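Working notes, structure below.
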Ligand SMILES: Nc1ncnc2c1ncn2[C@@H]1O[C@H](COP(=O)(O)OP(=O)(O)OP(=O)(O)O)[C@@H](O)[C@H]1O
Ligand code: SF4
Ligand SMILES: [Mg+2]
């Protein structure tokens, strides 16, 4: 198949199928740690994360605020502060370990091989440079395009992310566009050089719900056309439900459950994943349904509690949880792993929840009563 056929006829300067070695995951992260040295002590923002992403696949990374999603994304990209950071483990991208590479080596990878769409386009777009120049920059730098060719390609790119009046937009500054349009520009810039991996960190959180869904659809469409892999970071399990192949759930800097998307929704084992799912508003819930907000606060990453980090908030927690940290263990379905001693949906889990309910443990009572109508 020709590249233009694969791209649906547009943007045929790229061949998304070029130089692929299909048997190896595109990205393999192994035991990645990212700690910040602060006056309070070492903040363990990412604490031993392992994950992999195949070519063309989408991994959702989900977790509450402060669970380490952005630090993980930035650590994979090598976009961390220059000082007071400890980064250990390996990030093998396309057969090459990125941990240890300096900014000059990474500059060849950023944009060309791995690109990122951030939550707030105003912080990543240059406010005093016209849109056209911002898109053309990468095309000229990484693909060596002439000025005219880069301009034409920028127009094609803006059209491909469904920006009306593309030619006119090249002359505009970021502040002249709406939030949704700016985010589309960010996507155009991110995909311009045909990266193999797109990291999208809460790409739609700042936008209203309808715009969110359009932007996520554009992202998905571009990803399919170009056979890009994507890591979609969000605090909302609802956002990743229909848009990912696999999901990794993060809590306090660790992956606590990981599974193919369908398996996760059908057979989730971590009480934290269950709580995240219950915190999604659903149309079918009656209008007075109180949503389960996860009780308590995430742990202090400088001195996390012993045992399972989720224990102080968990409706299922037992004594063992407070002393012994559960490792990631395999579930029955291949590719599904979770870190929990009393998993949801198992006899041990049910017994643990019932014991906590009988004892009046507040987080168990809150979790069970949360979906009662009129509560
Ligand atoms: N430069 C830094 N120095 C010290 N601590 C940091 C630094 N950057 C992040 N952290 C801490 O690391 C933890 C993880 O932060 P991170 O931004 O990755 O969370 P997040 O999951 O992306 O949250 P959100 O959903 O709010 O974006 C937080 O406790 C944060 O305070
Ligand atoms: S049941 Fe125990 S191990 Fe499982 S999430 Fe709750 S506190 Fe952690
Ligand atoms: Mg974040």
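Residue numbers (my numbering): 995 to 1369. Ideal Cβ placement from N, Cα and C applies to all residues, glycine included. Computed from a predicted model, the values in this text were never measured in an experiment.
Secondary structure at residue 1090: strand, using DSSP grouped into helix, strand and coil. In the three-state reduction of the DSSP assignment, residue 1110 falls in the strand class.
Residue 1070 is positioned such that its CB atom lies closer than 8 Å to that of residue 1085. The distance from the Cβ of residue 1027 to that of residue 1062 is about 11 Å, inconsistent with a contact at the 8 Å cut-off. When DSSP states are grouped into helix, strand and coil, residue 1095 belongs to the coil group. Taken atom to atom, the span from the alpha-carbon of residue 1173 to that of residue 1234 is near 21 Å. In terms of Cβ geometry, residue 1250 and residue 1186 do not form a close pair [threshold 8 Å].
Around residue 1160, the same chain offers 1149, 1152, 1153 as residues with beta carbons nearer than 7 Å, after the five sequence neighbours per side are excluded.
Residue 1190 counts as buried, since at least 16 other C-beta atoms from the protein chains shown sit within 10 angstroms of its C-beta. The closest heavy atom of ligand 3 lies 7 Å or more from the beta carbon of residue 1190. Beta-carbon to beta-carbon, residue 1036 and residue 1296 are separated by about 7 Å, close enough to satisfy the 8 Å threshold. Sorted by chain position, residues whose beta-carbon lies closer than 5 Å to a non-hydrogen atom of ligand 2 are 1265, 1302, 1304, 1305, 1308, 1310, 1311, 1315, 1320, 1334, 1335, 1336.
A straight line joining the alpha-carbon of residue 1165 with that of residue 1217 spans about 27 Å. For residue 1313, the Cβ stays outside the 7 Å cut-off from all heavy atoms of ligand 3. For the pair residue 1022 and residue 1111, the Cα-to-Cα distance works out to about 20 Å. The three-state secondary structure of residue 1029, taken from DSSP, is strand.
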